[in-house]
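Contents: one structure, followed by commentary.
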Amino acid sequence: MKVFLIDDQKITNVLNRKYLSMLRSDLDIYDFENPLLAVQALKAENPELIFLDINMPILTGWDVLTFMNEHEINIPVIILTSSSSSIDRDKAKLFQNVFSFQLKPLTKEGFSRLLDDVVKKRI
Amino acid sequence: MVRFSTGISKIGRLDKLPAELNFHLKYLFNYHRFDFYYVAGNSVDCISISLDGFCYFSSGVEDLPSLERGVLQSGVPKAIVSESDQLTSHCWKFENGNNLSSLIKIQSTVANPFKESSITLVKVVNKTLATKVENLKMIQLIHRQNKQLEELARELQTKNSEIESLNQIQEGTIADRTASLLHSNTKLKSLIQFNSHQLREPLTRVISMVEIKDELSTEEYVRDILPLMHLAVSDLDKAVMEVIRRSEELE
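Chain order of the listed sequences is L and D.
Heads up: the first sequence begins at 1 in our numbering, then just goes up one per residue.
Heads up: the second sequence begins at 1001 in our numbering, then just goes up one per residue.
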């Protein structure tokens, strides 16, 4: 399964990659510190799951979601943010392909549960 | 008599009463001088009619001439003859109810004497005058009270407009305070938003780096994670400083 990790903080992508690799050996993980590069790669790579940060320079997570919406790219997105504000949580509900809204930091158990949910949803 | 009653009844002010009385009285009975006293408690209103003219004045019981004062105290009618000017004086007291009484004194000359048969007329004149004076005094009182009420109403109006202007000033103050509160609120909201995003972000990085420790070998941890720890902690410090700066701006 091809997975995109989009977060401007390198460490987040490093940690998330480590957790995901521990849980599943069949994951093809791409990480992006620059969300613009991620958006450009979306169509060509066509990932099955995206972990997306909200607060990023250049392009915010909302910009990425809006882009996907406008280009009818319907890939499931898990928002992974450090913002505990309910404003953001409500805003996320406006995007149909947002599968889950998760607060950082996400533990190994959290990733495990999320991956299970993704598999269940696909069946 | 009918003309007298009609004339008196048309009078609307106490000071007009003597003239009207003077006009009618000579058709009713003989007199040289006629005095009517309206007594209420210690105060006396007097209408005096003589061949020389007429007048109206107020005084007290203690200022009454001795004949009148005597009759007022005893209630017994009295008649005296003055040797010096050959005048006969008759004086009567009338009770008019409500603790009000009146006196009538009639002086007449020998040539044109007051006749005992006119006493009935004197009673009617007293009744008419006493009722009239009481009515007019009541009207005066009402007028006075009306004036007082008008003054009170004017005062109330002034106070009302004062209160209104005070209210307006207060409304202005309230509007100012509301605006300043709204401004503070906006700043607070933006501070909360900042805390939620900018402060929590580096903090979650630090926490996640600590949490993964047991999942990795020391070698892997030191190689991949530790070098990024310094950046996260330094970002956290910057964010804390920014929160302090913004909080101080609020005060």
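Cβ coordinates follow ideal geometry from the N, Cα and C atoms, glycine included.
Because the structure is a prediction, the values reported are computed rather than measured.
Neighbour list for residue i in chain D, Cβ cutoff strictly below 7 Å
{"i": "THR60 (chain L)", "result": "Within 7 Å Cβ-Cβ: nothing; THR60 (chain L) doesn't reach chain D, min ~10 Å."}
{"i": "MET68 (chain L)", "result": "Chain D residues near MET68 (chain L): none, gap ~22 Å exceeds 7 Å."}
{"i": "LYS108 (chain L)", "result": "GLU1215"}
DSSP state of residue i mapped onto helix, strand, coil
{"i": "TYR1056 (chain D)", "result": "strand"}
{"i": "VAL1243 (chain D)", "result": "helix"}
{"i": "GLN1086 (chain D)", "result": "coil"}
{"i": "ILE1207 (chain D)", "result": "helix"}
{"i": "GLN96 (chain L)", "result": "coil"}
{"i": "GLU1095 (chain D)", "result": "strand"}
{"i": "LEU59 (chain L)", "result": "coil"}
{"i": "ILE1225 (chain D)", "result": "helix"}
{"i": "THR66 (chain L)", "result": "helix"}
{"i": "SER1043 (chain D)", "result": "strand"}
{"i": "THR81 (chain L)", "result": "strand"}
{"i": "VAL1076 (chain D)", "result": "coil"}
{"i": "GLN1198 (chain D)", "result": "helix"}
{"i": "ILE6 (chain L)", "result": "strand"}
{"i": "PHE111 (chain L)", "result": "helix"}
{"i": "SER1217 (chain D)", "result": "coil"}
{"i": "LEU1014 (chain D)", "result": "helix"}
{"i": "ILE75 (chain L)", "result": "coil"}
{"i": "PRO86 (chain L)", "result": "The question names Pro, yet the displayed sequence has Ser at residue 86 (chain L). Helix."}
{"i": "SER25 (chain L)", "result": "coil"}
{"i": "LEU103 (chain L)", "result": "strand"}
Segment limits, alpha helix (DSSP H) that includes residue i
{"i": "ALA1130 (chain D)", "result": "1119–1194"}
{"i": "PHE1036 (chain D)", "result": "Counting along the chain, PHE1036 (chain D) falls outside any alpha helix (DSSP H), though it belongs to the beta strand (DSSP E) covering 1033–1040."}
{"i": "TYR30 (chain L)", "result": "TYR30 (chain L) -> not in any alpha helix (DSSP H); beta strand (DSSP E) instead, spanning 28–32."}
{"i": "SER1005 (chain D)", "result": "1002–1009"}
{"i": "LEU36 (chain L)", "result": "35–45"}
Terminal residues of the beta strand (DSSP E) in which residue i lies
{"i": "LYS1105 (chain D)", "result": "1100–1109"}
{"i": "PHE1023 (chain D)", "result": "No beta strand (DSSP E) holds PHE1023 (chain D); the alpha helix (DSSP H) holding it covers 1017–1025."}
{"i": "VAL1061 (chain D)", "result": "Here VAL1061 (chain D) belongs to no beta strand (DSSP E), and DSSP marks it neither H nor E."}
{"i": "ILE50 (chain L)", "result": "49–52"}
Supposed contact pair residue j and residue i - C-beta distance, whole angstroms, cut 8 Å
{"i": "THR1109 (chain D)", "j": "HIS1032 (chain D)", "result": "5 Å"}
{"i": "LEU27 (chain L)", "j": "MET68 (chain L)", "result": "Not a contact, Cβ separation roughly 21 Å."}
{"i": "SER100 (chain L)", "j": "ASN55 (chain L)", "result": "Rounded, the Cβ-Cβ distance is 18 Å, inconsistent with contact."}
{"i": "LEU1121 (chain D)", "j": "LEU1051 (chain D)", "result": "The pair is not a contact, with the Cβ atoms about 19 Å apart (cut-off 8 Å)."}
{"i": "ILE1280 (chain D)", "j": "LEU1017 (chain D)", "result": "Because chain D in this structure spans residues 1001 to 1251, residue 1280 (chain D) falls outside the shown range and cannot be described."}
{"i": "GLN1193 (chain D)", "j": "SER85 (chain L)", "result": "6 Å"}
{"i": "VAL1044 (chain D)", "j": "SER1059 (chain D)", "result": "5 Å"}
{"i": "LEU1100 (chain D)", "j": "GLU1062 (chain D)", "result": "That pair is no contact at about 18 Å."}
{"i": "THR1204 (chain D)", "j": "LYS104 (chain L)", "result": "4 Å"}
{"i": "VAL127 (chain L)", "j": "ILE29 (chain L)", "result": "No statement about residue 127 (chain L) is possible, as the shown extent of chain L runs from 1 to 123 and does not include it."}
{"i": "ASN97 (chain L)", "j": "PHE51 (chain L)", "result": "Going by Cβ atoms, the distance from ASN97 (chain L) to PHE51 (chain L) rounds to 13 Å, so no, they are not a contact pair."}
{"i": "MET1209 (chain D)", "j": "MET1241 (chain D)", "result": "Between MET1241 (chain D) and MET1209 (chain D) the Cβ distance is about 21 Å, and since that is not below 8 Å, they are no contact."}
{"i": "ILE58 (chain L)", "j": "LEU36 (chain L)", "result": "6 Å"}
{"i": "VAL119 (chain L)", "j": "PRO76 (chain L)", "result": "Their Cβ separation, rounded to whole angstroms, is 11 Å, which puts VAL119 (chain L) and PRO76 (chain L) out of contact at 8 Å."}
Residue environment, residue i, which counts as buried when at least 16 other CB atoms sit within 10 Å
{"i": "PHE1036 (chain D)", "result": "buried"}
{"i": "PRO1065 (chain D)", "result": "exposed"}
{"i": "ALA44 (chain L)", "result": "exposed"}
{"i": "LYS1010 (chain D)", "result": "exposed"}
{"i": "ALA1153 (chain D)", "result": "exposed"}
{"i": "HIS1090 (chain D)", "result": "buried"}
{"i": "VAL1081 (chain D)", "result": "exposed"}
{"i": "GLN1168 (chain D)", "result": "exposed"}
{"i": "GLN1107 (chain D)", "result": "buried"}
{"i": "PHE1094 (chain D)", "result": "buried"}
{"i": "THR1218 (chain D)", "result": "exposed"}
{"i": "ILE131 (chain L)", "result": "Any property of residue 131 (chain L) remains undetermined from this structure, which presents chain L solely from 1 to 123."}
{"i": "ALA1111 (chain D)", "result": "exposed"}
{"i": "ASN46 (chain L)", "result": "exposed"}
{"i": "ARG1013 (chain D)", "result": "exposed"}
{"i": "LEU1226 (chain D)", "result": "exposed"}
{"i": "ASN74 (chain L)", "result": "exposed"}
{"i": "ILE6 (chain L)", "result": "buried"}
{"i": "GLU1201 (chain D)", "result": "buried"}
{"i": "THR1179 (chain D)", "result": "At residue 1179 (chain D) the sequence reads Ala, which differs from the Thr that was named. When all chains shown are included, ALA1179 (chain D) counts as exposed."}
Check: residue i C-beta below 6 Å from any heavy atom of the ligand FMN
{"i": "PRO1113 (chain D)", "result": "The model depicted lacks the ligand FMN and carries no ligand whatsoever."}
Chain-ordered neighbours of residue i on chain L, where CB pairs are closer than 9 Å
{"i": "HIS1183 (chain D)", "result": "Simply none; closest approach about 20 Å."}
{"i": "MET1209 (chain D)", "result": "ILE11, LEU15, PRO105"}
{"i": "HIS1197 (chain D)", "result": "ILE54, ASN55, THR81, SER82, SER83, SER85, ASP88"}
{"i": "ALA1232 (chain D)", "result": "GLN9, ILE11"}
Within chain D, partners of residue i - CB distance below 9 Å
{"i": "LYS150 (chain L)", "result": "Absent from the structure is residue 150 (chain L), since the part of chain L shown begins at 1 and ends at 123."}
{"i": "MET1 (chain L)", "result": "Those do not exist, as MET1 (chain L) stays about 21 Å from chain D at its closest Cβ, beyond 9 Å."}
Partner residues on chain L for residue i, Cβ-Cβ distance less than 8 Å
{"i": "LEU1228 (chain D)", "result": "LYS10, ILE11, VAL14"}
{"i": "ARG1245 (chain D)", "result": "The premise fails here: ARG1245 (chain D) is roughly 19 Å from chain L at the closest Cβ pair, so nothing lies under 8 Å."}
{"i": "LEU1216 (chain D)", "result": "LYS18"}
Cross-chain neighbours of residue i in chain L, by beta carbon under 7 Å
{"i": "GLU1201 (chain D)", "result": "ASN55, SER82"}
{"i": "ASP1224 (chain D)", "result": "VAL14"}
{"i": "ILE1212 (chain D)", "result": "LEU15, LYS18"}
Below-7 Å beta-carbon distance, residue i vs any chain B residue
{"i": "THR1204 (chain D)", "result": "Given the protein chain composition of this structure (L and D), no chain B is represented."}
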